[in-house]
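Protein sequence lines correspond, in order, to chains U and V. With the first letter of the first sequence counted as 1, position 164 gets the number 163 in numbering that gives the first Met the number 0; the numbers rise by one all the way through. With the first letter of the second sequence counted as 1, position 337 gets the number 336 in numbering that gives the first Met the number 0; the numbers rise by one all the way through. Contents: one structure, followed by commentary.
2 protein chains.
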Amino acid sequence: MEKGFTPIAGGVTAAKGFMAASTAAGIKYSGRQDMAMIYSRIPCRAAGTFTTNIVKAAPVKWDQARIEEGAAAQAVVINAGIANACTGQEGMDYCSQTAEAAAQALGIPKESVLVASTGVIGMQLPMDRIAAGVAAMAPKLEEGLAGGEAASKAIMTTDTKNKEAAVQVEIGGATVTIGGMCKGSGMIHPNMCTMLSFVTTDAAISRDLLLAALREDIKDTYNMISVDGDTSTNDTVLLLANGMAGNAEITEKGPDYEAFCRALRYVNETLSKKIAGDGEGCTALFEVQIRGAATKEQAKVLAKAVITSNLTKAAIFGHDANWGRILCAMGYSGAQFDPEKVDLFFESRAGRMQIIADGVAVDYSEEQATKILSEPEVRAIADIKMGEEEATAWGCDLTFDYVKINADYRS
Amino acid sequence: MEKGFTPIAGGVTAAKGFMAASTAAGIKYSGRQDMAMIYSRIPCRAAGTFTTNIVKAAPVKWDQARIEEGAAAQAVVINAGIANACTGQEGMDYCSQTAEAAAQALGIPKESVLVASTGVIGMQLPMDRIAAGVAAMAPKLEEGLAGGEAASKAIMTTDTKNKEAAVQVEIGGATVTIGGMCKGSGMIHPNMCTMLSFVTTDAAISRDLLLAALREDIKDTYNMISVDGDTSTNDTVLLLANGMAGNAEITEKGPDYEAFCRALRYVNETLSKKIAGDGEGCTALFEVQIRGAATKEQAKVLAKAVITSNLTKAAIFGHDANWGRILCAMGYSGAQFDPEKVDLFFESRAGRMQIIADGVAVDYSEEQATKILSEPEVRAIADIKMGEEEATAWGCDLTFDYVKINADYRS
């Protein structure tokens, strides 16, 4: 592989020593798995990034405290159905009780248990069912891809597909594996949606570099996707490293660290695109690339403005090459550029075509443009001709089903 | 009236000396009026505020130049159907030619003609039809409410209702009238939408104070509405004052200026609410009041975050008291507050009820909440208990029809 890594099958149990299990705990759904557990045979170094919403769910606060105090992590307990957000002290107590239950079942310290929830805001967890679910999962933990896949299905809410990615890379004389799972796909109740992502690796890497790698990476992956512009109270990305690959520990920035970061990027970018492409009600993954920017930040601001524009998203749903909306969204993004220098292209499996040159429409075929935009993955590429920087953002179209899903009464 | 002014019938021709006309110029629509002209018997002082989008339509650039050079204004020519945006030098030339045509037809200087367009981005104006429309309207200009009403209908695009407001206030020994018309209701093509507002007054007021009054007022009116978060390339608010009321000229800030500002606020707030309540595809005007803020800016940021949240807007469409979405939107707004101190109320003609107290849900009736949220005008009131400042923002619900209108192919 040109980039030095190899995508492989699997998810959160792809890396050595990681096990997973799931169960139907009856939190809110019936007849489906709704709890998952991730476990590492040995304690892990842990990095995490969390929602910037100042309304933070209790599990976010619990995990933040564990990550900040530098606790070793060995297990993660996740439930779908109830977000444990806006639940006050009672909600915090439930995080502690969940960790305690897992600690007892697994024979590990309570501080090494991380927790995550997705679902309805404002409702308290049924602690008896959570505890029973933890007790049921502990003996079922297994290595191999099946456990990871089951876990990735148990954390789904309005997601229509489970989401996994994994990769292998040679580092420090050993094969290092990074794998993860995540869920989308909107924000919250009644759709019980939140962005949760869990990535595991058997790499040996210092805690500082693990944190640095994750913090840097999310800027170009999870932070560059949007389904509806609503930042959840529960968003969480956890990265656990147990060192079992046997590589020489990565302790400084250099070729090994860069190789790890490239492989991590692949996993996180793949998972991010899966979230965007499975956004609530959506029919297409919509990718926007800004090229020729003076700064990376400028490119990001422009790309995100386009993928979050309701009008642009509705046009993508209609397979309509409505370039005025894209230029308009770039114009109100807050980034400076010269509209009269912009080139714009649409691209998909069905082809590639230029739509505007130097800010003015070229004589393109609407029919051909519609053909390009009728694919399940479509891309808009804008070159603003100011420099060499670029950025990519991923979103989805705005559809009748998005409205339907989110207007339905809670029940 | 407590506030010292009296709402009256009428719009852009309510104030003394203002005339209007409309015509079916065949710009893009067929079988309907699509051009309007506003004319004052004598030259006016003019103030204007324009889109902050850096992709600015040609008519915006034309008007900005006239307002900045302090030119007296005597006529405004408006067309629906084509936005004259992203049209390069050719588009600028058409503004000049439109002004020239009106100047000749009306016998006034070209520099005293303002222009405005709303409609498709990227298409050139059919200049022959524009010129013919101007020639047809000049002899039809009339005082009285009928001309103003016809003009307010001619500038509609996806608007379902024409939008007018007028008010009278006693200032400096005379009755001053302020009246206006505007249009919404999304952003652009294929819906040919833009926020355009034209307000006229017979008040005698210095140009500096006229500009100051408008600039201050839009912060709490037009800038506090959102239909879809997409800022148009054409947004324009023009305020023309011809001084024919005969009041002692307002030349300094004081009671007369304040009375003028309160009356202007009424007109602009009324027009703003009409735009929000007639947003593309919407079924309800959604008002959000933030109270108890430490600063006005904080209150505004919070109110605007809630009215632009797609998830909250979809819940309003579903008549669903989904308070978690409101708290979530406040949380990611960027404003600081303590989520655990927030009280939230829903209110409409059907009643008022508290939903959360100190950040936690009270034991409210979902049935009663749904009843309150089933009215055509609904209000959410959040008290964040940090101070005495407040702000109000207006939006609308997110519906199937919004998606339908905006996903349809251009035709």
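We put the CB at the ideal spot given by N, CA and C, even for glycine. Predicted, not measured: the structure shown is a model, and the values here were computed from it.
| request: Give the secondary structure of V:M191 by DSSP, where H, G and I count as helix, E and B as strand, and everything else as coil. | output: Bear in mind that the predicted position of V:M191 carries a pLDDT of just 41, short of 50, making it unreliable; the figure below should be weighed with that in mind. The answer is coil: DSSP assigns V:M191 none of H, G, I, E or B.
| Closest Cα partner of V:K370 within the set V:V359, V:I383, V:F345, V:I355 | V:F345
| message | If distances are taken between C-alpha atoms only, which option among V:S95, V:G245, V:V119, V:L124 comes closest to V:P108? | response | V:S95
| task | Note down, one range per segment and in chain order, each beta strand (DSSP E) of at least 3 residues found wholly within the stretch 267 to 322 of chain V. | result | 284 to 292
| said: Which residue marks the beginning of the beta strand (DSSP E) containing V:A167, and which one marks its end? | reply: In the sequence as presented, Ala is not what sits at residue 167 of chain V; that position holds Gln. Start and end: 162 to 170.
| query | Since V:F415 contacts V:I325 with CB under 8 Å, what's their CB separation in whole angstroms? | reply | This structure gives no information on residue 415 of chain V, because the portion of chain V shown stretches from 0 to 410.
| message | Helix, strand or coil, according to DSSP, for V:N78 in the structure here? | response | strand
| So, is the C-beta of V:A8 closer than 8 Å to a C-beta in chain U? | no
| task | Check each residue of the stretch 45 to 64 of chain V: if its Cβ is closer than 9 Å to any Cβ of chain U, include it; give the result in chain order. | result | T50, T51, N52, I53, V54, K55
| With a cut-off of 8 Å, do at least 3 Cβ pairs link the stretch 371 to 382 of chain V to the stretch 334 to 349 of chain V? | yes
| How is U:A35 classed by DSSP in three states: helix, strand or coil? | strand
| task | Kindly indicate which three-state DSSP category U:F399 falls into: helix, strand or coil? | result | helix
| query | Where does V:F336 fall in DSSP's three states? | reply | coil
| task | Put V:T50 into one of helix, strand or coil per three-state DSSP. | result | coil
| field | Sequence-distant residues of its chain with Cβ nearer than 6 Å to V:E141 (five each side left out) | value | M18
| said: Check whether chain V comes within 8 Å of U:E296, counting only Cβ atoms and requiring the distance to be less than that. | reply: no
| said: Check whether chain U comes within 8 Å of V:C327, counting only Cβ atoms and requiring the distance to be less than that. | reply: yes
| message | Please identify the residue among U:L397, U:A379, U:L237 whose C-alpha is closest to the C-alpha of U:T50. | response | U:L237
| Using the beta-carbon of each residue, which ones in chain C are nearer than 7 Å to U:L397? | Note that chain C does not occur in the displayed structure, where the protein chains are U and V.
| task | Drop a sphere of 10 angstroms on the beta-carbon of U:P58, count the other beta-carbons inside from all chains shown, and report buried for 16 or more, exposed for fewer. | result | buried
| What does a CB cutoff of less than 6 Å around U:Q63 pick up in its chain, not counting 5 residues either side in sequence? | F49
| request: Flag V:A293 as yes if its beta-carbon sits less than 8 Å from any beta-carbon of chain U, otherwise no. | output: no
| Between V:M91 and V:K60, is the Cβ-Cβ spacing less than 8 Å? | yes
| Contacts that V:D158 makes with chain U (C-beta to C-beta distance below 9 Å) | Those do not exist, as V:D158 stays about 16 Å from chain U at its closest Cβ, beyond 9 Å.
| query | In chain order, what residues of the same chain have a beta carbon less than 6 Å from the beta carbon of U:V361, not counting five sequence neighbours either side? | reply | Q353
| field | Candidates U:V11, U:Q335, U:A379, U:G333, of which the one nearest U:W322 by Cα | value | U:A379
| query | If you draw a straight line from the C-alpha of U:E163 to the C-alpha of U:K340, how long is it? | reply | 40 Å
| field | Pair within 8 Å by beta-carbon distance, V:N246 and V:A203 | value | yes
| said: Any beta carbon of chain U sitting closer than 8 Å to that of V:I383? | reply: no
| Within 8 Å, strictly: CB atoms of U:G253 and U:S151 | no
| field | Residue burial classification, V:A390 (beta-carbon count within 10 angstroms, cutoff 16) | value | buried
| said: Taking its Cβ as the centre, do 16 or more other Cβ atoms sit within 10 Å of U:K303, making it buried, or is it exposed? | reply: buried
| query | Under 8 Å between C-beta atoms, does V:S184 make it to chain U? | reply | no
| field | Selection from V:T156, V:D158, V:V198 that minimises the alpha carbon distance to V:T176 | value | V:V198
| query | If we call anything under 8 Å between Cβ atoms a contact, is U:T174 one with U:A130? | reply | no
| request: Report, in whole angstroms, the separation of the C-beta atoms of U:I404 and U:E279, which I expect to be a contact under 8 Å. | output: 5 Å
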